[in-house]
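If you count the sequence shown from 1, position 133 lands on 1593 in my numbering, and the numbers rise without skipping. Cβ atoms here follow ideal geometry from the backbone N, Cα and C, with glycine treated the same way. Quantities reported herein were computed from a predicted structural model and do not represent experimental measurements. Below: the structure, in C-alpha coordinates.
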Amino acid sequence: MSFANPDDDALRALFGRVRTIAVVGLSPQPARPSYRVAQAMQRHGYRIVPVRPLVDEVLGEKAYPSLADIPFAVDLVDVFRAAEHVPAIVEQCLALHLPSIWIQEGIVHEPAAQQAQAGGMTVVMDRCLIKEYVRLLTA
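This is the structure in C-alpha coordinates:
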(Lines of atoms letter the chains of each structure in order from A and count residues from 1; the text may use other names and numbers.)
(Lines give C-alpha, C1' and ligand atoms only; values in the text may rest on other atoms or scores of the structure.)
Protein backbone atom coordinates (compact mmCIF):
# COMPACT_ATOMS: atom_id res chain seq x y z
CA MET A 1 0.00 0.00 0.00
CA SER A 2 1.43 3.35 -0.97
CA PHE A 3 0.76 6.68 0.71
CA ALA A 4 -1.80 9.04 -0.83
CA ASN A 5 -2.48 12.62 0.22
CA PRO A 6 -6.03 13.67 1.14
CA ASP A 7 -8.18 14.97 -1.72
CA ASP A 8 -8.99 18.67 -2.13
CA ASP A 9 -12.25 18.46 -0.15
CA ALA A 10 -10.45 16.83 2.76
CA LEU A 11 -7.73 19.49 2.61
CA ARG A 12 -10.34 22.27 2.68
CA ALA A 13 -11.93 20.62 5.71
CA LEU A 14 -8.52 20.37 7.38
CA PHE A 15 -7.86 24.08 6.86
CA GLY A 16 -11.32 24.78 8.27
CA ARG A 17 -10.76 22.94 11.53
CA VAL A 18 -7.14 23.96 12.15
CA ARG A 19 -6.51 27.00 14.35
CA THR A 20 -3.11 26.30 15.92
CA ILE A 21 -0.12 25.12 13.87
CA ALA A 22 3.06 23.88 15.55
CA VAL A 23 5.92 24.41 13.09
CA VAL A 24 8.75 21.96 13.77
CA GLY A 25 12.03 23.45 12.57
CA LEU A 26 10.71 27.01 12.25
CA SER A 27 13.72 29.21 11.52
CA PRO A 28 14.01 32.70 13.05
CA GLN A 29 15.61 33.83 9.77
CA PRO A 30 13.13 35.66 7.47
CA ALA A 31 14.82 34.34 4.31
CA ARG A 32 14.12 30.68 5.21
CA PRO A 33 11.10 28.90 3.70
CA SER A 34 9.82 27.82 7.14
CA TYR A 35 9.68 31.45 8.27
CA ARG A 36 7.94 32.63 5.11
CA VAL A 37 5.33 29.85 5.18
CA ALA A 38 4.62 30.33 8.89
CA GLN A 39 4.40 34.11 8.49
CA ALA A 40 1.94 33.74 5.61
CA MET A 41 -0.24 31.32 7.58
CA GLN A 42 -0.11 33.67 10.55
CA ARG A 43 -1.36 36.48 8.29
CA HIS A 44 -4.28 34.24 7.30
CA GLY A 45 -5.30 34.03 10.97
CA TYR A 46 -3.64 30.86 12.16
CA ARG A 47 -1.76 30.75 15.46
CA ILE A 48 1.83 29.70 14.83
CA VAL A 49 3.77 27.82 17.52
CA PRO A 50 7.51 27.61 16.84
CA VAL A 51 9.10 24.28 17.79
CA ARG A 52 12.83 24.77 17.81
CA PRO A 53 15.35 24.25 20.62
CA LEU A 54 17.61 27.16 21.60
CA VAL A 55 15.24 29.80 20.20
CA ASP A 56 13.05 31.93 22.49
CA GLU A 57 10.64 33.41 19.97
CA VAL A 58 9.79 33.49 16.27
CA LEU A 59 7.15 35.69 14.61
CA GLY A 60 6.23 37.13 18.00
CA GLU A 61 5.32 33.69 19.40
CA LYS A 62 7.07 31.84 22.22
CA ALA A 63 9.11 28.93 20.92
CA TYR A 64 9.14 25.48 22.51
CA PRO A 65 12.00 22.97 22.40
CA SER A 66 9.70 20.04 21.50
CA LEU A 67 6.08 19.20 20.75
CA ALA A 68 5.74 17.69 24.23
CA ASP A 69 6.64 21.07 25.79
CA ILE A 70 3.65 22.90 24.26
CA PRO A 71 1.17 23.39 27.12
CA PHE A 72 -1.96 23.75 24.95
CA ALA A 73 -3.75 21.96 22.11
CA VAL A 74 -2.21 21.89 18.65
CA ASP A 75 -4.35 21.15 15.59
CA LEU A 76 -1.62 20.61 13.01
CA VAL A 77 2.11 19.87 13.08
CA ASP A 78 3.93 21.38 10.10
CA VAL A 79 7.32 19.72 9.57
CA PHE A 80 10.34 21.58 8.21
CA ARG A 81 12.96 18.97 9.04
CA ALA A 82 14.91 16.56 6.84
CA ALA A 83 13.22 13.25 6.00
CA GLU A 84 15.38 11.26 8.42
CA HIS A 85 13.81 13.21 11.33
CA VAL A 86 10.21 12.54 10.28
CA PRO A 87 9.81 9.11 11.98
CA ALA A 88 10.73 10.55 15.39
CA ILE A 89 8.37 13.49 14.85
CA VAL A 90 5.55 11.11 13.90
CA GLU A 91 6.26 9.07 17.07
CA GLN A 92 5.95 12.26 19.15
CA CYS A 93 2.70 13.21 17.40
CA LEU A 94 1.21 9.78 18.01
CA ALA A 95 2.30 9.77 21.67
CA LEU A 96 0.67 13.18 22.13
CA HIS A 97 -2.48 12.14 20.20
CA LEU A 98 -2.12 15.05 17.79
CA PRO A 99 -4.70 14.98 14.98
CA SER A 100 -2.77 16.12 11.90
CA ILE A 101 0.71 16.36 10.41
CA TRP A 102 1.83 18.25 7.31
CA ILE A 103 5.22 17.18 5.95
CA GLN A 104 6.43 20.04 3.77
CA GLU A 105 7.17 20.04 0.07
CA GLY A 106 10.36 18.17 -0.77
CA ILE A 107 10.25 16.01 2.38
CA VAL A 108 9.18 12.41 1.82
CA HIS A 109 9.17 9.49 4.26
CA GLU A 110 6.46 7.03 3.20
CA PRO A 111 6.79 4.57 6.12
CA ALA A 112 6.42 7.39 8.66
CA ALA A 113 3.47 8.88 6.77
CA GLN A 114 1.78 5.47 6.68
CA GLN A 115 2.47 4.98 10.39
CA ALA A 116 0.85 8.35 11.17
CA GLN A 117 -2.19 7.45 9.04
CA ALA A 118 -2.46 4.04 10.70
CA GLY A 119 -2.39 5.86 14.05
CA GLY A 120 -5.44 7.89 13.02
CA MET A 121 -3.72 11.12 11.97
CA THR A 122 -4.58 13.18 8.91
CA VAL A 123 -1.35 13.26 6.90
CA VAL A 124 -0.21 15.50 4.06
CA MET A 125 3.26 14.93 2.61
CA ASP A 126 5.48 16.61 0.02
CA ARG A 127 3.19 19.60 -0.37
CA CYS A 128 3.60 23.22 0.68
CA LEU A 129 1.12 24.37 3.32
CA ILE A 130 0.72 27.93 2.04
CA LYS A 131 0.63 26.92 -1.64
CA GLU A 132 -2.21 24.50 -0.90
CA TYR A 133 -4.01 27.07 1.25
CA VAL A 134 -3.83 29.66 -1.53
CA ARG A 135 -4.82 27.13 -4.21
CA LEU A 136 -7.85 25.85 -2.30
CA LEU A 137 -9.10 28.81 -0.30
CA THR A 138 -8.15 32.06 -1.98
CA ALA A 139 -8.78 31.34 -5.66
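Per-residue DSSP class, three states only, for residue i
i       : result
Tyr1506 : coil
Leu1596 : helix
Ser1494 : helix
Ile1650 : Summary: the structure shown does not reach residue 1650, with the chain confined to residues 1461 through 1599, and so no result is reported for it.
Ile1567 : coil
Met1501 : helix
Ala1543 : helix
Leu1536 : strand
Residue i - containing beta strand (DSSP E), residue span
i       : result
Ala1555 : Here Ala1555 belongs to no beta strand (DSSP E); instead the alpha helix (DSSP H) covers Val1546 to Ala1555.
Ala1482 : Thr1480 to Val1484
Val1584 : Thr1582 to Met1585
Endpoints, alpha helix (DSSP H) assigned at residue i
i       : result
Asp1468 : Asp1468 to Arg1477
Rounded distance between the beta-carbons of residue j and residue i, thought under 8 Å
i       : j       : result
Val1511 : Ala1555 : That pair is no contact at about 15 Å.
Cys1588 : Gln1552 : Actually they are not in contact, since the Cβ atoms of Cys1588 and Gln1552 sit about 22 Å apart, beyond 8 Å.
Of the listed residues the options, nearest to residue i (C-alpha basis)
i       : options                               : result
Gln1502 : Leu1486, Asp1516, Val1515 and Pro1513 : Leu1486
Val1539 : Gly1580, Ala1533, Ser1526 and Ala1491 : Ser1526
His1557 : Ile1567, Phe1532, Pro1571 and Met1585 : Phe1532
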